[in-house]
Amino acid sequence: ESLRSQIRSGLSLSSLVQCVEELVLNSIDAGATQITVHVDISHLLIKVFDNGVGIGKEDMMIIGERYATSKCHSLKDLEDLRSYGYRGEALASLIKICGKVDITSRQRLSPLTYTKSFHSGVAFPLKESLSSLHHKTGTTVALSDIFQSLPVRRKSLSEPVELERIRRSLSAIALIHSSVSFSLHDGSFGNGRLLLQTKGTGGMLSAFSFLFGKEIAQSLREVSRIEAGYTVSGYISTSPHHSKSIQMIYINKRLVCKTRLHSHVNKLLDNSLIAHCKDSAQYNRSQSKTRVGGDMSPKAVYSERFGVYVLNIQCSKTEVDI
Ligand code: ADP
Ligand code: MG
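Position in the sequence shown (from 1) plus 11 gives the number in full-length UniProt numbering.
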């Protein structure tokens with residue numbers, strides 16, 4: 012209990028995008044290299060397939076109980092933690108808000124596939140069956156009848172809005188996990204529209220190219236900086252005139268929403284570029300361009316050059332609380 016009280020507790024899942032995120036992050040934690048997401052908003056279904064390590068019988072027996080986690084058992088674990096989850100709350104919370112949850116899993120080389128189902132929060136006995144060809148190694152979690160007890164929330168869901176939120180969130184996850192192949196399908200399982208796909212090879216540039224287009228990807232430059240206590244790495248675009256503004260900052264591979272950090276980064280990049288090419292022809296050219304445009308401030312010249320960047324700040328878990 013003392014450990015639990017030291018871990019910030021209480022997870023409330025109030026949106027479909029959060030549901031998808033929790034499932035996908037579990038798949039990443041399980042070492043999956045292929046993650047397939049199906050969403051059917053009109054029927055309130057979400058299904059996530061992964062090819063991760065799977066769940067063994069013992070864990071399957073207690074899965075979905077609050078604080079049932081295989082990832083963190085001591086404060087030392089908490090400090091060393093590399094995974095996203097550690098509180099053992101996501102599945103328990105999902106089970107609470109869904110009419111039905113089915114978790115099917117097979118570990119590598121295991122002859123058995125386990126299925127655990129929950130109806131209105133109540134667990135059914137664990138089922139086991141001999142693995143057949145269509146039981147691949149990994150885990151599938153299917154949520155149905157999401158927000159069953161929240162009819163108002165259900166009514167307020169707009170399909171295109173939710174799909175777009177999920178697509179964006181998954182793009183951010185896929186970009187920083189470029190060695191995982193992701194796909195997102197909309198509509199009925201099996202033959203839905205493909206909304207997003209990455210290949211899981213070729214690093215972040217390749218993922219970027221699949222998600223946001225080749226043209227911008229080609230203008231990206233790698234940056235990295237090691238400081239005492241943290242490392243910043245990623246890509247920035249030095250090419251002007253991008254119609255899109257893609258500015259992503261991650262801390263320990265978790266996307267941070269638009270914060271002051273973004274304006275700090277924009278400023279930093281402006282300043283370093285100005286310092287970098289102060290005497291160069293490029294700087295002079297930009298300066299004269301600015302005069303033509305009427306805005307004299309160097310900042311105005313350079314901020315648009317950095318419409319696109321993807322940066323990850325890697326630091327000790329104890330330094331941040333996100
Ligand atoms: P947490 O991620 O904080 O541990 P969750 O409620 O998200 O808690 O998951 C509980 C446990 O269920 C995990 O610790 C893990 O052991 C198991 N689990 C959940 N999803 C998967 C998955 N896709 N593959 C393997 N194990 C999983
Ligand atoms: Mg989790």
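Heads up, the beta-carbon is just placed ideally off N, CA and C, and yes, glycines get one too.
- Distance from the CA of His188 to the CA of Gly240, rounded to the nearest whole angstrom, comes to 22 angstroms.
- Shown here, Phe158 sits in coil according to DSSP, grouped into three states, outside any helix or strand.
- Taking a C-beta distance under 7 angstroms as the contact criterion, Asp156 and Gly110 qualify as a contact pair.
- Straight through space, the alpha carbons of Asn277 and Ser230 are spaced by roughly 17 angstroms.
- Residue side-chain check: Thr115 keeps its Cβ at 6 angstroms or more from all non-hydrogen atoms of ligand 1.
- As for any alpha helix (DSSP H) of minimum length 4 sitting wholly inside the stretch 118-184, the runs are 162-166, ordered along the chain.
- Scanning Lys127, Gly99, Ile52 and Leu55 for the CA closest to the CA of Gly67 turns up Lys127.
- Of Ile184, Gly63, Thr242 and Thr212, the smallest CA-CA separation from Gln29 is found for Ile184.
- Per DSSP, reduced to three states, the secondary structure at Ser104 is helical.
- Inter-residue distance for Lys264 and Gly213 is about 18 angstroms (C-alpha atoms, whole angstroms).
- With a minimum length of 4 residues, the unbroken runs of alpha helix (DSSP H) contained wholly in the stretch 202-280 fall at 214-223 and 225-229.
- Relative to Glu175, the option among Ile262, Ser23, Arg77 and Leu27 whose CA is nearest is Leu27.
- Ligand 2 approaches Asn37 closely enough that one of its heavy atoms is under 6 angstroms from the residue's Cβ.
- In the three-state DSSP reduction, Ser194 falls in the strand class (E or B).
- Under DSSP, Val319 forms a beta bridge with Ile257.
- In the displayed model, Ser53 falls within coil according to three-state DSSP, outside both helix and strand.
- Ranked by Cα distance from Glu173, the options Tyr261, Leu56 and Tyr78 are led by Leu56.
- Rounded to whole angstroms, the separation of the alpha carbons of Glu238 and Gly211 is 29 angstroms.
- Boundaries for Leu24: no alpha helix (DSSP H) harbours it, and the DSSP string shows neither H nor E there.
- In this structure, the beta-carbon distance from Ile114 to Val64 does not fall below 7 angstroms.
- Per the DSSP secondary-structure output, Cys109 pairs in a beta bridge with Ile157.
- Selection Val48, Ile52, Asp70 and Ser53 evaluated against Phe60 yields Val48 as nearest (Cα-Cα).
- Linking Leu120 to Leu141 through their CA atoms gives a straight-line distance of about 12 angstroms.
- Val50 is the residue among Asn37, Val50, Glu33 and Ser180 whose C-alpha sits nearest the C-alpha of Asn202.
- For Ile73, the enclosing alpha helix (DSSP H) starts and ends at Lys68 to Ile73.
- For Ala43, the shortest C-beta to heavy atom distance toward ligand 2 is 6 angstroms or greater.
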